[in-house]
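Residues 5 to 337, numbered by the numbering used here, are exactly what the sequence shown covers, in order.
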Amino acid sequence: MKRAVWVVTLVSLFGIGCKQSSPPPAKTKTAESGSAVDVPVAKQGSGGPAVAPGSGSAAADPWTKTTEQADPLPHPLFWAVAKDGKTTYMLGTMHLGVDAEKRLPKVVWDKLDAAPVFAMETDLSDPSVMNMGKRKSGTLHDELGPVYWKKLEEIVTPPVAQSIDHMKPMIAATLLSMRGLPTTPPMDGVLLGRALNQKKAIVYLEPASKQAAILEKWMDLRTLKMMLDDPKKGEQQTKDMLDAYIAGDEAAIEKLADAQKEDALKHGFTAKEYDESMEDMLYKRNASWIDAFEKLHQQNGGFVAVGALHLVGKRSVLDLLKSRGYTVTRVTP
């Protein structure tokens with residue numbers, strides 16, 4: 005229903021399977037659906053950081069040598085959030101399509117390096133999502149029918165279609181949502197890898213099972229058929245979202261997300277269903293993260309990386325924090 009929205013909100017579940025170059029760290033509590041948690045401060049020189057369960061899957065360590073930034077983003081979606089003499093930095097991410105190591109400017113890395121705690125949406129190595137998308141019965145081919153199955157084969161190739169025939173529609177819809185994006189290391193994984201290798205405390209803002217449930221609910225058969233009906237338009241929307249992200253254009257990102265409502269209504273979704281999808285994918289999640297953020301902030305601040313749409317517009321995380329008395333300032337290189 006909201007292809008470009010997924011690219012900057014939920015498809016993080018499909019990207020972070022890279023290796024961590026340092027030994028598996030110790031464990032601590034996670035942030036569960038907006039509940040406040042104890043955020044441990046990593047001690048330098050200790051045997052390892054205090055991190056959330058399952059954090060062993062992260063990007064490999066590319067920071068043993070200086071990285072040459074080919075084309076750093078001129079206006080990253082990066083903010084300083086200040087209150088009570090403390091500052092937490094928040095980065096809006098594009099889960100796929102942007103090479104973080106090469107394109108995030110030095111100021112982002114400097115603030116991450118200085119932060120005692122790193123927070124991100126969810127733990128992608130959580131065992132609860134290992135079977136995400138698997139069917140208990142039937143096939144995707146049968147569910148789609150011959151006409152739509154042929155469309156799927158034409159887009160992803162018959163071998164790929166066959167490989168996901170035992171999966172739910174959400175898997176095919178996710179694959180389609182990422183078409184048109186450059187193949188890059190997942191930004192979330194690269195940031196997590198750096199944080200782990202620096203022995204930072206890690207906080208997850210919601211359980212992976214929550215993201216999986218939202219994906220399954222809204223990336224359903226109707227959504228998949230909508231995407232198959234006009235794949236070129238969907239791919240262009242994804243590219244446009246990528247361009248807006250690279251430009252750091254908050255207004256363009258919001259506009260692209262809102263423009264997809266018309267497509268959903270044309271394909272049989274009601275206005276109520278559309279609004280409910282936005283509540284599930286964005287607004288409820290934003291609100292559920294605030295208590296955990298405040299807990300983190302009060303313990304000397306940190307660095308938070310979440311999908312870009314969670315940080316722009318009304319009812320965004322930043323908007324909610326402003327209403328609680330935080331001063332929010334866009335950081336530029």
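Beta carbons are placed, not taken as given, at the ideal position from N, Cα and C, and that holds for glycine. The structure presented is a predicted model; accordingly, all values stated were derived computationally and were not measured.
Residue environment, residue i, which counts as buried when at least 16 other CB atoms sit within 10 Å
{"i": "N290", "result": "buried"}
{"i": "R198", "result": "buried"}
{"i": "S327", "result": "exposed"}
{"i": "G329", "result": "exposed"}
{"i": "P186", "result": "exposed"}
{"i": "G101", "result": "buried"}
{"i": "M223", "result": "buried"}
{"i": "K115", "result": "buried"}
{"i": "S129", "result": "buried"}
{"i": "K172", "result": "buried"}
{"i": "S61", "result": "Since pLDDT at S61 reaches only 46, below the 50 mark, its modelled position is unreliable, and no value is offered."}
{"i": "A165", "result": "buried"}
C-beta atoms of residue i and residue j nearer than 8 Å
{"i": "T242", "j": "G184", "result": "yes"}
{"i": "H99", "j": "M191", "result": "yes"}
{"i": "T97", "j": "A309", "result": "yes"}
{"i": "T339", "j": "A84", "result": "In the structure displayed, the chain extends from 5 to 337; residue 339 sits before or after that span and is not available."}
{"i": "G149", "j": "M174", "result": "no"}
{"i": "A74", "j": "K110", "result": "no"}
{"i": "D169", "j": "L144", "result": "yes"}
Pick from the options that is closest to residue i, judged by C-alpha positions
{"i": "D284", "options": "K214, G137 and V332", "result": "K214"}
{"i": "P131", "options": "A212, E258 and V151", "result": "A212"}
{"i": "F82", "options": "A74, L95 and K90", "result": "L95"}
{"i": "P189", "options": "L219, D103 and M231", "result": "D103"}
{"i": "K237", "options": "E266, M282 and V335", "result": "E266"}
{"i": "M134", "options": "Y278, A216, D169 and T178", "result": "A216"}
{"i": "Y152", "options": "S141, A177, R139 and K140", "result": "A177"}
Distance, residue j Cα to residue i Cα
{"i": "L200", "j": "Y93", "result": "17 Å"}
{"i": "S167", "j": "M182", "result": "17 Å"}
{"i": "G272", "j": "D323", "result": "32 Å"}
{"i": "P163", "j": "E157", "result": "8 Å"}
{"i": "W293", "j": "A248", "result": "25 Å"}
{"i": "A46", "j": "G306", "result": "In this predicted model, A46 has a pLDDT of only 36, less than 50, meaning its place in the structure is not dependable enough to derive any value."}
{"i": "S50", "j": "R319", "result": "Any reading at S50 needs caution, since the residue's pLDDT is 30, under 50, leaving its predicted position unreliable; the model's value is listed next. If I take the Cα positions, the gap works out to 40 Å."}
{"i": "L225", "j": "D117", "result": "43 Å"}
{"i": "L219", "j": "Y278", "result": "14 Å"}
{"i": "T161", "j": "Q302", "result": "51 Å"}
{"i": "K90", "j": "E298", "result": "11 Å"}
Supposed close pair residue i, residue j - CB separation, criterion 8 Å
{"i": "H79", "j": "A251", "result": "7 Å"}
{"i": "P120", "j": "N304", "result": "6 Å"}
{"i": "L260", "j": "M245", "result": "5 Å"}
{"i": "L209", "j": "A86", "result": "Contact flag wrong, Cβ pair sits at about 20 Å."}
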